[in-house]
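Colleague: Structure provided below as structure tokens; questions to follow.
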């Protein structure tokens, strides 16, 4: 995608850069603030047309919020949110569940509120993701489940599919990743090449390493179940990866996509020129975000 970024996108990049430079927001501040604000009561907005949300408590005490309408739909989005492994499920994702997945696609949505670092380290979030998937498989065929993960949620989504493969459990129908973090040692090339242009993680490699380490705990950062960039992707489901060209995580997507192709996975890597981390989640009304969502809808509908 070599299109010139829209005016809205350029304004957004400037605004994000400014916001991320503020005291209390720069470095890890954004994540601490996010963790603080996401502890309030879940808000899905006013639910209409018989939409309802059931909250299931998984054995680990993690929660799964299931959005359905009248009776359950056959198809389901299993949403694994981002937030640097430290921020719980935020309303941003609840609104995507209603407005994007339910209203546009008519699919049910299971949003996982996994246990977060630093109090819960690897493999807590991954165990929760497995438990949520196993719960959902009681009501939905894996052949009708699409897993969506952004950023750290992309890490968990990839490692979930790897765990399913190791444990010989059925894979979902499709995997959709927004700006996935695949190398938790932050050593891919774009951490250097894009460090000056990424508005979200501008020259921020050191603080990112510090921020990530709480999830890694005592595990080896090279373990494929921690850093899925090291995984063998044979047998993975059809995958769509979306990434912005300004991102320090750009190389993670390049490498995962190339490795998937080498493992005969049906994968599409879409690069959005001049776009930033998780743009389609953070600002869904941008011109580029609308195009990204259309691509997601088409990916699901064509299955």
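Residue numbers (full-length UniProt numbering): 1 to 303. Note that the Cβ used here is the ideal one computed from N, Cα and C, for glycine as well.
Give a yes or no on whether the C-beta atoms belonging to residue 77 and residue 146 are separated by under 7 Å.
Modeller: Cβ distance < 7 Å, so residue 77 and residue 146 count as in contact.
Colleague: If residue 229 sits next to residue 182, beta carbons under 8 Å apart, how far is it from one beta carbon to the other, in whole angstroms?
Modeller: Right, the Cβ-Cβ distance comes to about 4 Å (below 8 Å), so this counts as a contact.
Colleague: Quick check: what's the CA-CA separation for residue 20 versus residue 280?
Modeller: When rounded, the distance between both Cα atoms is 18 Å.
Colleague: Where does residue 150 land, buried or exposed, given buried means 16+ other C-beta within 10 angstroms?
Modeller: Residue 150 comes out buried.
Colleague: Does the beta-carbon of residue 10 have 16 or more other beta-carbons within 10 angstroms, so that it is buried, or is it exposed?
Modeller: Exposed: under 16 other Cβ atoms inside 10 Å.
Colleague: Would you call the segment 180–196 in contact with the segment 271–287, where contact means no fewer than 3 C-beta pairs closer than 8 Å?
Modeller: Counting Cβ pairs under 8 Å, fewer than three are found: no touch.
Colleague: Over what stretch of residues does the alpha helix (DSSP H) that includes residue 174 continue unbroken?
Modeller: Counting along the chain, residue 174 falls outside any alpha helix (DSSP H), though it belongs to the beta strand (DSSP E) covering 174–178.
Colleague: Cα separation between residue 123 and residue 133?
Modeller: Taking the straight line from one Cα to the other gives about 15 Å.
Colleague: Enumerate, from N- to C-terminal direction, the unbroken alpha helix (DSSP H) stretches of 4 or more residues contained entirely within the segment 17–54.
Modeller: Here the runs fully enclosed are 29–37.
Colleague: Using 7 Å as the threshold, is the C-beta distance between residue 238 and residue 144 below it?
Modeller: Contact: no.
Colleague: Nearest CA to the CA of residue 121: which residue from 30, 12, 48 and 216?
Modeller: When each option's Cα is compared against that of residue 121, the closest is 216.
Colleague: Can you give me the start and stop residues for the alpha helix (DSSP H) that residue 300 sits inside?
Modeller: Taken as a continuous stretch (DSSP letters only), the alpha helix (DSSP H) holding residue 300 covers 287–301.
Colleague: Output the distance between the C-alpha atoms of residue 161 and residue 68, rounded to the nearest integer angstrom.
Modeller: Approximately 24 Å, taken between the alpha carbons.
Colleague: Which word fits residue 211, buried or exposed, when buried means at least 16 other C-beta atoms lie within 10 angstroms of its C-beta?
Modeller: Unreliable placement is indicated for residue 211, whose pLDDT of 48 sits below 50; the coordinate value is still reported in the next sentence. It is buried - the Cβ of residue 211 has at least 16 other Cβ atoms within 10 Å.
Colleague: So, residue 179 versus residue 243, is the Cβ gap smaller than 7 Å?
Modeller: Yes; because the gap between Cβ atoms is below 7 Å, this pair is in contact.
Colleague: Using the beta-carbon count (16 or more within 10 Å), is residue 168 buried or exposed?
Modeller: The residue is exposed, with fewer than 16 neighbouring Cβ atoms inside 10 Å.
Colleague: Cβ of residue 73 within 7 Å of Cβ of residue 107?
Modeller: Going by C-beta atoms, residue 73 is nearer than 7 Å to residue 107.
Colleague: Starting from the Cα of residue 191, find the closest Cα among 130, 174, 223 and 253 and give me that residue.
Modeller: Closest option to residue 191, Cα to Cα, is 253.
Colleague: Pull the bridge partners of residue 80 from the DSSP assignment, please.
Modeller: In the DSSP output, where bridge partners are listed per residue, residue 80 has 112 and 149.
Colleague: Nearest-angstrom Cα distance between residue 55 and residue 63?
Modeller: Cα to Cα, the separation comes out at about 7 Å.
Colleague: In three-state DSSP terms, what is residue 169?
Modeller: The answer is coil: DSSP assigns residue 169 none of H, G, I, E or B.
Colleague: With H, G and I counted as helix, E and B as strand and the rest as coil, what does DSSP make of residue 197?
Modeller: Of the three classes helix, strand and coil, the one that applies to residue 197 here is coil, per DSSP.
Colleague: Compare the Cα-Cα distances from residue 172 to each of 300, 34 and 247 and report the closest residue.
Modeller: Considering only alpha carbons, the answer is 300.
Colleague: Could you name the residues of the same chain whose beta carbon sits closer than 6 Å to that of residue 35, not counting the 5 residues immediately before and after it, in chain order?
Modeller: The residues are 86 and 87.
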